[in-house]
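In the numbering used here, each residue carries its 1-based index in the sequence shown increased by 536. All residues carry an ideal CB built from backbone N, CA and C; glycine is no exception. Keep in mind that this is a model prediction, so the values were computed, not measured. Okay, structure first, notes after.
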Amino acid sequence: MNAPLSAPAVKQAPAPWDLVGRGYIAMLRFSPDSKVQDTFLPKTLLGKRGRSPYGWLMFVDYQSSDAGPYHELLFIPGSFPFEDGRRHLSISRIFVSTMDSVVNGRNNWGIPKELADFDVRYGDQGVDRVTLSRDGRVFAELEFKSYPFWIPFLTALIPKSLRTLGQHYDSKTFVYTPSARGWIKPARTMRARADAAMFPNLGRAKALMTVEVPRFRMTFPVSKIINRK
Numbered sequence: 537m538n539a540p541l542s543a544p545a546v547k548q549a550p551a552p553w554d555l556v557g558r559g560y561i562a563m564l565r566f567s568p569d570s571k572v573q574d575t576f577l578p579k580t581l582l583g584k585r586g587r588s589p590y591g592w593l594m595f596v597d598y599q600s601s602d603a604g605p606y607h608e609l610l611f612i613p614g615s616f617p618f619e620d621g622r623r624h625l626s627i628s629r630i631f632v633s634t635m636d637s638v639v640n641g642r643n644n645w646g647i648p649k650e651l652a653d654f655d656v657r658y659g660d661q662g663v664d665r666v667t668l669s670r671d672g673r674v675f676a677e678l679e680f681k682s683y684p685f686w687i688p689f690l691t692a693l694i695p696k697s698l699r700t701l702g703q704h705y706d707s708k709t710f711v712y713t714p715s716a717r718g719w720i721k722p723a724r725t726m727r728a729r730a731d732a733a734m735f736p737n738l739g740r741a742k743a744l745m746t747v748e749v750p751r752f753r754m755t756f757p758v759s760k761i762i763n764r765k
């Protein structure tokens with residue numbers, strides 16, 4: 537059983553959080569017979585994803601948060617039935633750049649964060665490049681390009697059911713609904729590669745749609761927590 541993480545040097549930052557940053561979101565399509573979306577799922581969610589071929593990849597550069605600034609790369613394989621009787625999207629794999637984010641992300645929302653080193657280079661020959669590594673070994677490489685057309689967005693316009701997430705962690709169910717506002721720009725995923733031992737194999741997917749979020753403010757609320765037997 538996973539116990540809530542704590543460490544003397546880690547800043548404890550209970551929810552809610554207010555975050556400001558930028559990032560990219562890519563909608564991915566996998567082949568119908570692909571098993572990639574099921575990698576890294578907790579055993580309690582295996583076999584419950586349904587038959588959707590879509591998943592979501594997100595890179596986020598949080599310039600400020602209640603746990604300080606950090607980078608983040610995550611994968612959402614689809615939606616799953618949870619103990620509140622509803623289906624929710626769920627994060628199956630996620631890396632962040634600080635231990636403060638790892639510990640508080642797990643404790644506040646049951647998000648299975650792990651630590652990695654990020655190398656982020658904006659505007660490198662017109663492309664934004666993101667590289668993740670551990671112990672000096674690169675395991676993920678991403679390249680994005682965006683276009684100069686800004687559109688405002690507000691998540692309040694999206695039904696709550698479509699932006700609520702659920703997580704299984706430490707024999708508990710965490711359900712939470714982030715909210716955000718900011719700007720988006722059309723973009724393109726130029727490259728997406730990941731070591732399948734560390735992150736879902738992005739080479740097995742096609743990026744159908746990518747947007748850059750050059751500026752946003754987000755709130756992560758207190759989770760609804762349900763104890764599971």
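Check your understanding: Is ASP636 helix, strand or coil when you go by DSSP?
Key -> helix
Review point. Which residues bound the beta strand (DSSP E) around THR667?
Key: 663 to 670
Point to revise | Nearest-angstrom Cα separation, counted from ASP653 out to THR709 | key: 29 angstroms
Exercise for review: Determine the direct distance from the alpha carbon of ILE612 to that of LEU564, and round the result to whole angstroms.
Suggested key: 10 angstroms
Point to revise | Closest residue to ASN737 among VAL546, ALA545, ALA551, SER570 (Cα-Cα distance) | key: SER570
Point to revise | Buried or exposed (CB count within 10 angstroms, at least 16 for buried), VAL758 | key: Exposed.
Check your understanding: Can you tell me the Cα-Cα spacing of GLN661 and MET754, whole angstroms?
Key -> 30 angstroms
Exercise for review: Say whether the segment 687 to 704 touches the segment 725 to 739, bearing in mind that this needs 3 or more beta-carbon pairs closer than 8 angstroms, one atom from each stretch.
Suggested key: no
**Study point:** Neighbourhood of TYR606 by C-beta, 6 angstroms cutoff - its chain only, sequence neighbours within 5 removed
**Key:** Excluding positions up to five away in sequence, the list reads TYR598, VAL632, SER633, THR634, SER637.
Review point. Which residue or residues does DSSP assign as beta-bridge partners of ASN763?
Key: LYS708
Practice item. Give the secondary structure of ASP574 by DSSP, where H, G and I count as helix, E and B as strand, and everything else as coil. Key: helix
Check your understanding: Buried or exposed: where does PRO688 fall if 16 or more other Cβ atoms within 10 Å of its Cβ makes it buried?
Key -> exposed
Review point. Would GLN548 be called buried (16 or more neighbouring beta carbons within 10 Å of its own) or exposed?
Key: By the neighbour-count criterion, in which 16 or more other beta carbons inside 10 Å mark a residue as buried, GLN548 falls on the exposed side.
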